[in-house]
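Numbering (the UniProt record's numbering), first residue to last: 1 to 307. Every residue gets a Cβ at the ideal spot worked out from N, C-alpha and C, and that includes glycine.
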Amino acid sequence: MTELGRREVLLIVHPDRDTTRDAAGEVAVRLAAAGIGLRVLDSEVRRLVEPPDQSLPCAVVAESEDPARGAELVLVLGGDGTLLRAAELARPAGVPVLGVNLGRMGFLTEADYDALGDTVDRVVERRYRIEERMTVDVTVTLGGTVVTRTWALNEASVEKCSRERILDALIEVDGRPVSSFGCDGVLCSTPTGSTAYAFSAGGPVVWPDVEALLVVPSNAHAMFSRPLVVSRSSVITVQVDPDGSPAVLTCDGLRHADLEPGSRVQVVAGEVPVRLARLWDGPFTDRLVHKFSLPVTGWRERHAREG
Numbered sequence: 001m002t003e004l005g006r007r008e009v010l011l012i013v014h015p016d017r018d019t020t021r022d023a024a025g026e027v028a029v030r031l032a033a034a035g036i037g038l039r040v041l042d043s044e045v046r047r048l049v050e051p052p053d054q055s056l057p058c059a060v061v062a063e064s065e066d067p068a069r070g071a072e073l074v075l076v077l078g079g080d081g082t083l084l085r086a087a088e089l090a091r092p093a094g095v096p097v098l099g100v101n102l103g104r105m106g107f108l109t110e111a112d113y114d115a116l117g118d119t120v121d122r123v124v125e126r127r128y129r130i131e132e133r134m135t136v137d138v139t140v141t142l143g144g145t146v147v148t149r150t151w152a153l154n155e156a157s158v159e160k161c162s163r164e165r166i167l168d169a170l171i172e173v174d175g176r177p178v179s180s181f182g183c184d185g186v187l188c189s190t191p192t193g194s195t196a197y198a199f200s201a202g203g204p205v206v207w208p209d210v211e212a213l214l215v216v217p218s219n220a221h222a223m224f225s226r227p228l229v230v231s232r233s234s235v236i237t238v239q240v241d242p243d244g245s246p247a248v249l250t251c252d253g254l255r256h257a258d259l260e261p262g263s264r265v266q267v268v269a270g271e272v273p274v275r276l277a278r279l280w281d282g283p284f285t286d287r288l289v290h291k292f293s294l295p296v297t298g299w300r301e302r303h304a305r306e307g
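What follows is the structure, given as structure tokens:
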């Protein structure tokens, strides 16, 4: 797909951000000036090029054509949802993903919009490092037959199909039952996903270099429904009650599968990681404090200043 020796970047954008077109234009101009080719998905061309005679200097590729293969980097303009969509394209090709936040929190993204110019300069100069993030592989079986195989970077969630129903689920770890309860759902998360949906459901924050998997019940009707942190080598299974209601499996909010009563959802550490491009060398602690605007001044210091 790429000429020998030619550098190319695949651009993935958020479809509804007002700043998307301006940011994409700046990226295209800067990369072209550095002799780096730009690829854009055919499904996103209309969002970026309007009117047609003011086109960006880019090559148009289809999602069905393995668009990241041969690219040096997948550059994302958007939030975490856009980055997860980009990771779906980048993971099979082993291409790193670099996110520029055009949304709100953007926990997975590496830079904000006001640093776009510097970010592109760093890409041009190859001043970034690669960090591999753990994924999970998910297998759904029904009556011993495999019906779905998929994966997730953040989390695989098993949830009830309708608001009026309750999901009756049995949780197993390494083939042994742990607990069963009625709930809204069960989230099986990676450390990367611990600051996403699992965090909102009451799960712990896990540093991304910790080799572990999380099990986080959502609104469980049970005395014991605490989040679990298990080994990377563990096998987590969520079984939908054979006599209960159907459910739905959702991975990263992108990939969905209907679950009939009796379905078993097995979650294990993924064989293929997602590679993230990082610009800064600061620890995860600093990112956590910055993204969540955590108060890090001591109570005594605050009290003295307020007095």
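DSSP puts ASP22 in a beta bridge; with which residues?
-> According to DSSP, ASP22 bridges with nothing at all.
Which residue's Cα is closest to the Cα of VAL123: LEU98, ASP112, ASP137, ARG133?
-> Minimum Cα distance to VAL123 is reached at LEU98.
Quick one: Cα of VAL238 to Cα of THR148, how far?
-> So the alpha carbons of these two residues sit roughly 14 Å apart.
Inspect the beta-carbon positions of LEU213 and GLU88 and report whether they are closer than 8 Å.
-> Cβ distance not < 8 Å, so LEU213 and GLU88 don't count as in contact.
Going by the CB atoms, is the gap between CYS251 and THR150 shorter than 8 Å?
-> Taking 8 Å as the Cβ cut-off, THR150 and CYS251 qualify as a contacting pair.
Assigned secondary structure, THR135 (DSSP; H/G/I helix, E/B strand, else coil) = Per DSSP, reduced to three states, the secondary structure at THR135 is coil, with no helix or strand assignment.
Could you tell me how far apart the beta carbons of PRO227 and VAL216 are, in whole angstroms, since I believe they sit closer than 8 Å?
-> The beta carbons of PRO227 and VAL216 sit about 5 Å from each other, so the pair counts as a contact at 8 Å.
Closest to ALA93 by CA distance: which of ALA23, ALA71, LEU170 is it?
-> That would be ALA71, whose Cα lies nearest to the Cα of ALA93.
For THR297, does the count of other Cβ atoms within 10 angstroms reach 16, so buried, or fall short, so exposed?
-> That one is exposed.
Cβ contact check for the region 182-195 and the region 152-159: 3 or more pairs under 8 Å = Counting C-beta pairs closer than 8 Å gives three or more between the region 182-195 and the region 152-159, which meets the contact rule.
Check whether the region 115-129 touches the region 191-209, taking contact to mean three or more Cβ pairs, one atom from each stretch, closer than 8 Å.
-> Taking a cut-off of 8 Å for Cβ pairs, the region 115-129 and the region 191-209 do not touch, as fewer than three such pairs fall below it.
Closer than 6 Å by C-beta to PRO57: which residues in its own chain qualify, once you throw out the five before and the five after it? Chain order, please.
-> Around PRO57: ALA28, ALA32.
Cα-Cα separation, residue 354 to ARG232 | Residue 354 lies beyond the range of the chain shown here (1 to 307); nothing can be said about it.
DSSP on LEU167, reduced to helix/strand/coil?
-> Correct three-state label for LEU167: strand.
Could you check how far apart the C-beta atoms of ILE12 and VAL74 are, in whole angstroms? I think they sit under 8 Å.
-> Indeed they touch by this definition, with Cβ atoms about 6 Å apart.
Residue of GLY5, LEU84, ASP114, GLY78 minimising C-alpha distance to ARG104 = Taking ARG104 as reference, the option from GLY5, LEU84, ASP114, GLY78 with the minimal CA-CA separation is GLY78.
Between MET134 and TRP207, what straight-line distance do the alpha-carbon atoms span, to the nearest angstrom?
-> Their backbone Cα atoms lie some 12 Å apart in a straight line.
What is the DSSP secondary structure of PRO92, counted as helix, strand or coil?
-> The three-state secondary structure of PRO92, taken from DSSP, is helix.
Pick helix, strand or coil for GLY99, following the three-state DSSP scheme.
-> Strand at GLY99.
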